[in-house]
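Visitor: This is the structure I have questions about; it appears just below.
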Amino acid sequence: MAGPIDRNSDSNVREAQAKFAIACASRTIESPRPISSAYIHVPFCRHRCGYCDFTLVAGRDDLIDRYLAALATELSTIADPSPLQTLFFGGGTPTHPSAEQLRRLFQIVENRFRFAPGIEISVEANPLDLTDEKINVLTTAGVNRVSLGIQSFDDAALKLLERDHRVDDINDVVQRLQRQIPNVSLDLIFAVPGQSLASWRDTLRRAIDLEPAHISTYGLTWETGTAFFTRQSRGELAAVDDGLERDQYALAMEELAVAGFEHYEISNFARPGYRCRHNMVYWQGNEYYACGPGAARYLAGRRETNVRSVTGWLAKLERGESPVAETETLELDHRARELIYLGLRLIDGICLTEFHQRTGYDLRTFAADAIRVTQSHGWLELTPTHLCLTPAGRFLADRVVAEFL
Ligand code: SF4
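Pasting the structure below:
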């Protein structure tokens with residue numbers, strides 16, 4: 009149940025990785041670690057929120073059983089999966105299917121993979137889906153991390169975002185969930201039209217009061233093709249001004265630091281020991297398997313992206329055809345730039361030694377021009393061991409990263 013896509017969105021990482029322009033292969037690099045992470049895309053929602061451009065279908069629950077059968081087919085193509093260290097169910101809304109369908113979903117995945125001891129199993133969830141029965145299904149399946157799309161403690165913002173829950177629903181669901189799965193992450197959205205700095209502060213503080221293990225804060229973006237984009241073009245909705253958005257992001261960093269959260273990625277804050285291990289795999293540029301409509305996986309130096317259309321993906325698998333729409337072999341230079349693009353999202357930045365080990369390049373030489381330009385603006389810091397965004401650079405992450413592409 010992802011939020012909007014912008015510099016702050018985890019799903020944006022997956023999409024950007026999928027879209028990366030790759031030339032013919034001259035030399036490829038291998039991941040330093042065995043494959044140990046998998047992403048399952050569950051493309052169903054009750055309604056498509058006006059700002060959302062993710063791969064999903066809304067109001068098509070009639071497709072869920074076909075989806076489960078097709079997912080089993082796609083998973084059957086994995087040769088000999090290693091024991092997984094992380095497993096992530098994203099969407100769409102993975103908790104939208106019925107409790108019985110959810111049970112089957114977990115069974116299908118469990119039948120195909122082996123789980124390493126201590127595996128992190130994350131599920132994105134919508135507050136109103138989480139009946140006691142569904143929470144029991146998650147618990148029984150071994151889910152030990154839930155990312156809950158509460159988005160705001162302001163009913164006006166929730167209504168504008170077209171969310172189906174209201175503020176009064178939040179406390180109860182979070183507390184019921186935490187009793188069984190303590191590792192709960194709350195997704196929050198800022199830069200919502202009409203949302204004041206005071207309202208955002210209230211949202212942050214009420215979220216902190218619920219004592220989640222992790223909080224993600226996403227700035228609302230206006231993606232081409234969304235209902236919000238159309239409404240903006242018609243003058244019916246307007247983005248908040250840059251100054252307010254900046255102040256809201258700064259406030260999140262301030263409030264969450266005071267509350268004891270570590271800011272470890274542009275949009276992600278965790279209590280010590282609760283960083284999302286699965287998303288760290290993406291940001292560290294490691295390999296991962298992914299399946300479902302529109303899913304992109306990165307294995308053995310190749311990126312494969314599935315057909316984005318849900319019905320197209322279903323049809324391919326039902327005909328016994330591969331659901332892969334694009335295959336790209338990553339050229340070393342592009343791969344190196346991607347490691348920079350991803351690594352700069354991490355507050356710790358990119359380790360110069362590790363970058364050299366993985367690419368053969370000295371980062372300071374490879375990206376000398378971009379480093380010089382961004383350092384001159386005060387956006388990047390080069391220490392003896394790392395390249396990382398400065399606090400000022402975090403506000404302009406997209407712009408900084410663009411210098412390296
Ligand atoms: S709940 Fe809304 S924002 Fe989340 S994936 Fe579904 S349509 Fe998109």
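Convert by adding 8 to the 1-based position in the sequence shown; the result is the number in my numbering. Ideal placement from N, C-alpha and C gives every residue a C-beta, glycine not left out.
1. For a test of your reading of the model: does the CB of R56 fall under 7 Å from any non-hydrogen atom of the ligand SF4? Yes or no.
2. For the ligand SF4, is there a heavy atom less than 7 Å away from the beta-carbon of R101?
3. Might you give, ordered along the chain, the residues of its own chain that have their beta carbon closer than 7 Å to the beta carbon of Q256, omitting 5 neighbours on each side?
4. Around the C-beta of T225, are 16 or more other C-beta atoms found within 10 angstroms, so that it is buried, or is it exposed?
5. Provide the residue(s) that pair with T313 in DSSP beta bridges, ordered along the chain.
6. Compare the Cα-Cα distances from L64 to each of G302, D217 and R407 and report the closest residue.
7. What is the DSSP secondary structure of R174, counted as helix, strand or coil?
8. Can you confirm whether the region 131-140 touches the region 96-104 when touching is taken to mean that 3 or more C-beta pairs between the two stretches lie within less than 8 Å?
9. When the Cβ atoms of the region 352-366 are set against those of the region 320-327, are three or more pairs found closer than 8 Å?
10. In angstroms, rounded to a whole number, what distance separates the CA positions of V181 and H342?
11. Is V409 buried or exposed, if buried means 16 or more other CB atoms sit within 10 Å of its CB?
12. Quick test of your reading: A107 and E141, contact by CB under 8 Å. State the CB separation rounded to the nearest angstrom.
13. Helix, strand or coil, according to DSSP, for Q159 in the structure here?
14. If we count the other Cβ atoms within 10 Å of its Cβ and call it buried at 16 or more, is L413 buried or exposed?
15. What residue range is occupied by the uninterrupted beta strand (DSSP E) comprising P125?
16. Between C60 and the ligand SF4, is the CB less than 7 Å from at least one heavy atom?
17. When you compare the CB positions of R184 and I143, do they come within less than 8 Å of one another, or not?
18. Under three-state DSSP, which class holds A165?
19. Can you determine whether any heavy atom of the ligand SF4 sits closer than 7 Å to the C-beta of C53, and answer yes or no?
20. State the Cα-Cα distance for the pair F277 and R111, rounded to the nearest angstrom.
Guide: Let me lay it out:
1. Stepping through the sequence shown from its first residue, residue 56 is reached at position 48. It does: the Cβ of R56 is within 7 Å (strictly closer) of some heavy atom of the ligand SF4.
2. As a first step, residue 101 is located in the sequence shown; it is residue number 93 there, counting from the start. Note on residue identity: the sequence assigns Thr, not Arg, to residue 101. At least one heavy atom of the ligand SF4 is found less than 7 Å from the C-beta of T101.
3. As a position in the sequence shown, residue 256 is number 248, starting the count at 1. Contacts found: F198, A199, L205 and W208.
4. The residue labelled residue 225 in the question sits at position 217 within the sequence shown. Per the 10 Å Cβ criterion, buried.
5. As a position in the sequence shown, residue 313 is number 305, starting the count at 1. Assignment of beta-bridge partners to T313 by DSSP yields A304 and E334.
6. The residue given as residue 64 occupies position 56 in the sequence shown. The residue from G302, D217 and R407 with its alpha-carbon nearest to that of L64 is G302.
7. Mapped onto the sequence shown, residue 174 falls at position 166. The answer is coil: DSSP assigns R174 none of H, G, I, E or B.
8. When C-beta atoms of the region 96-104 are compared with those of the region 131-140, three or more pairs fall below 8 Å, so the two segments count as touching.
9. By the Cβ rule, the region 352-366 does not count as touching the region 320-327, because fewer than three pairs are nearer than 8 Å.
10. Residue 181 sits at position 173 when you count from the first residue of the sequence shown. Residue 342 sits at position 334 when you count from the first residue of the sequence shown. C-alpha separation (whole angstroms): 44 Å.
11. On the sequence shown, position 401 is the one that residue 409 refers to. Per the 10 Å Cβ criterion, buried.
12. Translated into positions along the sequence shown, residue 107 becomes position 99. Translated into positions along the sequence shown, residue 141 becomes position 133. A107 to E141, Cβ: 5 Å. Contact.
13. The residue given as residue 159 occupies position 151 in the sequence shown. Note: Q159 maps to strand in three-state DSSP.
14. Here the question's residue 413 lines up with position 405 in the sequence shown. Exposed is the call here.
15. Reading the sequence shown from its first residue, position 117 is the one you call residue 125. P125 -> beta strand (DSSP E) spans F123 to A133.
16. Here the question's residue 60 lines up with position 52 in the sequence shown. Proximity of the beta carbon of C60 to the ligand SF4 is indicated: a heavy atom of the ligand is located closer than 7 Å.
17. Translated into positions along the sequence shown, residue 184 becomes position 176. Translated into positions along the sequence shown, residue 143 becomes position 135. Yes, they are a contact pair.
18. Reading the sequence shown from its first residue, position 157 is the one you call residue 165. Reduced to three states, the DSSP call for A165 is helix.
19. Walking along the sequence shown from the start, residue 53 turns up at place 45. For the ligand SF4, at least one heavy atom lies less than 7 Å from the Cβ of C53.
20. The residue labelled residue 277 in the question sits at position 269 within the sequence shown. The residue labelled residue 111 in the question sits at position 103 within the sequence shown. In a straight line, the C-alpha of F277 is about 30 Å away from that of R111.
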